Amino acid sequence: MVCGGLLACSVALGAQEPVQTNRATELRAAPDDTAVLIRTLPQRTPVQQLERKGAWTRVKIDKDTGWVRMMHLRGGAIIVESEQTSGGSFLSGFSRLLGGGPAGNTRAQSATVGVRGFSEEDLRKAQLNPAELAKLKRYQAGDAEARRLAEQAKLQPRDVAYLAQDAVDGTRGGK
Amino acid sequence: MKSSAIPRPIVCATLTLLLAACAGMPDLKNLPTNPAALKNMMNQPAAPGGQSMLETGMNVAKSAGNAMRDIPESEEIATGENIMAGVLGAAPLYNNERIQRYVNQVGHWVAMQSERPNLPWRFAVLDSPLVNAGAAPGGQIYITTGLLFRMRSEAELAGALGHEIAHVVQKHHLKAYQKASLGDAGVTAFGAVVDSKVNTGSLGREAGKQALKLGIGEVRTLLLLSLGRPEEEQADRMGMVLAARAGYDPYGLPTVIQILQDMSAEQGSLSTLYKTHPAPSERLASLDQTIGSSMDGYSNQPVLKERFATMILGSAPPAAAKKPVDKK
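Which chain is which? The protein sequence lines are Z and W, in order.
The first sequence runs 10 to 184 under the numbering used here.
The second sequence runs 3 to 330 under the numbering used here.
Pasting the structure below:
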């Protein structure tokens, strides 16, 4: 139930800010800086998001449809995702954990969810928990397990350099 | 909103947060640092035959401007485990072995692509509805279910963990702990504790025995240290690169930042947070300016949405959504 999921999501996230450009940017015919320029969009142009593809998001504005760089947009991560996964297993899981289809207690739940660290109170009360630390150590993965996980999904290690200002001494690890 | 807090960079939340999270925590000055206890502590030798913390703090202060001591890896790891034990005291592990192992494997795979592949990398999934992630020295990393269950792909997870791995690779927290003993009076003593224990080697010697040498008060204080904007932005850039190295679409991390952006829009009460930490929109703008199109070539790499859904979202409902109805 896509609608149920979407509804639950947007309720849980509170009033959804309209998706808009966070800077002046270009609307292009394809997800590529060299693609045909459809039009330029000033900062804070509201758009409708349709699809994500790597660095680019396909959007609709007025009668135009085209691609803008994803980092030039703010808001709407959830909507984009829902569209991409419509009917997929992800959506049912996601909406379920946000309180399920019936808006039920999503409101109460969203009140406890915030972009914040552990509360001061949590930290005041925190005690060292060596038992949990020992448990965590048991979950630690080894190189072989990690490689297997990567191989299962055909993840290919790549040589990618950090930007110059982030250079780190040392050799990067095994592939 | 009460605001007795003096805005200062050091006071925010937990280790560092992917989220720039670290809520406006107005009263942190009151933490365990009451003056009498502080004074008492500072005059106690930190180790048998060692200097008092006050002396150590002063010595550290004297050496300000000089290069900070290189802390041996074993001591760094022991310190990080201490901190993680404190984090686990604030929120326990999420009780699902499959998810814990999956997140550890993804994190380990990303960490293998770093310059510190041989650290004891551990990735704790904490049972907490708070949206958060963080790192401690030596390879200790955590992510809350509140954040994990808002993600939609393995590439997003890899990017978020990559951000935290970058903090460890750059020793951001370790350096912050050392610096802490130079500035803010409230944390001077505790910074000195760490530094003196590190100096006397008491942390390092105990590393192999898994001893927790920092007291809870010290750990609590270190939990409150946060990193600066340059460190967060560096971790964003490096997190994208690490995800790309590991074979993922590097745009998972900026997607997570966008999720935070959506959330922060509803959180008017978070305005104080953004006085000390970069807002998600500023982080995206900074990434856009620095990374530019340099990662475009890797943006067709897998995001692994289905595996993520199977491993994470196909499992039992998280604590964040726990309801009586869910009991089976």
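We put the beta carbon where it would ideally sit given N, CA and C, even for glycine.
Note that the structure is a prediction, hence the values are computed from the model and not measured.
Check the Cβ of residue i against every Cβ in chain W and list those closer than 7 Å, keeping chain order.
i      : result
P166/Z : Q115, R247, A248 and G249
D152/Z : M114
T180/Z : E117
For the alpha helix (DSSP H) that residue i lies in, which residues bound it at each end?
i      : result
G241/W : R231 to R247
L95/W  : Careful: L95/W lies outside any alpha helix (DSSP H) and carries neither H nor E.
A162/Z : Premise fails: A162/Z is in no alpha helix (DSSP H) and is neither H nor E.
G161/W : E156 to V171
A311/W : Per DSSP, A311/W belongs to no alpha helix (DSSP H) and is neither H nor E.
Y144/W : First-last for Y144/W: Q142 to T146, but that is the beta strand (DSSP E), not the alpha helix (DSSP H).
Please report how far the alpha carbon of residue i lies from the alpha carbon of residue j, in whole angstroms.
i      : j      : result
L255/W : Y179/W : 26 Å
S76/W  : N120/W : 12 Å
R309/W : A157/W : 11 Å
S288/W : Q165/Z : 28 Å
K62/Z  : W111/W : 24 Å
G109/W : D71/Z  : 42 Å
S283/W : R71/W  : 36 Å
A311/W : P304/W : 14 Å
W76/Z  : R53/Z  : 16 Å
P34/W  : T292/W : Low confidence applies here, because P34/W scores a pLDDT of 34, under 50, leaving its location unreliable and the question unanswered by this model.
A246/W : S301/W : 8 Å
Q263/W : G219/W : 33 Å
E234/W : M114/W : 21 Å
M242/W : G148/W : 22 Å
Y250/W : S155/W : 10 Å
S130/W : P122/W : 24 Å
K146/Z : N138/Z : 13 Å
E83/W  : A162/Z : 31 Å
F151/W : L128/W : 11 Å
D178/Z : L306/W : 31 Å
What residues of chain Z sit near residue i, judged by a beta carbon separation below 7 Å?
i      : result
L306/W : A162
G88/W  : A135 and L137
E83/W  : L142
G91/W  : A135, Q136, L137 and N138
V243/W : V169 and Y171
A126/W : L145
In chain W, what lies closer than 8 Å to residue i by C-beta?
i     : result
A2/Z  : Outside the displayed span of chain Z (10 to 184) sits residue 2/Z, for which this structure offers no information.
Q29/Z : Those do not exist, as Q29/Z stays about 11 Å from chain W at its closest Cβ, beyond 8 Å.
R53/Z : Near R53/Z there are no residues of chain W at all, since even the closest Cβ is about 12 Å away, more than 8 Å.
L50/Z : The contacting residues do not exist; L50/Z stays about 15 Å from chain W at best.
Could you name the residues of chain Z that residue i contacts, counting a contact when the two beta carbons are closer than 8 Å?
i      : result
I218/W : A135, Q136 and L137
D290/W : R32, R78, M80 and H81
State buried or exposed for residue i, treating a residue as buried only when at least 16 other CB atoms are found within 10 Å of its CB.
i      : result
E160/Z : exposed
V171/W : buried
P139/W : buried
R181/Z : buried
V45/Z  : exposed
Q174/Z : exposed
A170/Z : exposed
D29/W  : With a pLDDT of 28 at D29/W, under the threshold of 50, the modelled position of that residue is not reliable, and no figure is offered here.
D290/W : buried
S295/W : exposed
G58/Z  : Gly is not the amino acid found at residue 58/Z; the sequence shown has Gln there. Result: buried.
G88/W  : buried
T34/Z  : buried
A237/W : buried
Quick check on the DSSP output: the beta strand (DSSP E) that includes residue i runs from which residue to which?
i      : result
I218/W : Looking at the DSSP string, I218/W is not in any beta strand (DSSP E); the run it does join, the alpha helix (DSSP H), is I218 to L225.
E60/Z  : Q57 to K62
L289/W : Unbroken run through L289/W is the alpha helix (DSSP H), P282 to I293; no beta strand (DSSP E).
L128/W : R124 to L128
R37/Z  : T34 to R37
R147/Z : R147/Z -> not in any beta strand (DSSP E); alpha helix (DSSP H) instead, spanning P139 to Y148.
A135/W : A135 to A138
R71/W  : Element bounds for R71/W: n/a, residue is neither H nor E.
R48/Z  : L46 to L50
Looking at the strands, I want to know which residues DSSP matches up with residue i.
i     : result
G75/Z : V68/Z
Q29/Z : P55/Z and R83/Z
Taking Cβ-Cβ distances shorter than 7 Å, what residues in chain C pair up with residue i?
i      : result
D238/W : Chain labels in this structure do not include chain C; the protein chains are Z and W.
Which chain W residues sit within Cβ distance under 9 Å of residue i?
i     : result
Q58/Z : The premise fails here: Q58/Z is roughly 10 Å from chain W at the closest Cβ pair, so nothing lies under 9 Å.
R83/Z : Q260, Q263, D264, A267, P282, S283 and L286
Along chain Z, which residues have their Cβ under 9 Å away from the Cβ of residue i?
i      : result
Y300/W : G63, R167 and V169
A178/W : In chain order: nothing, as chain Z lies at least about 15 Å away.
H110/W : Q149, A150, G151, D152, E154, A155 and L158
N98/W  : The premise fails here: N98/W is roughly 10 Å from chain Z at the closest Cβ pair, so nothing lies under 9 Å.
P122/W : K146 and Q149
V171/W : V177 and G179
S295/W : D42, A64 and R78
R334/W : Nothing can be reported for residue 334/W, as the shown portion of chain W is limited to 3 through 330.
Does the distance between the C-beta of residue i and the nearest non-hydrogen atom of the ligand ATP fall short of 8 Å?
i      : result
V258/W : Absent from the structure shown: the ligand ATP. Ligands present: none.
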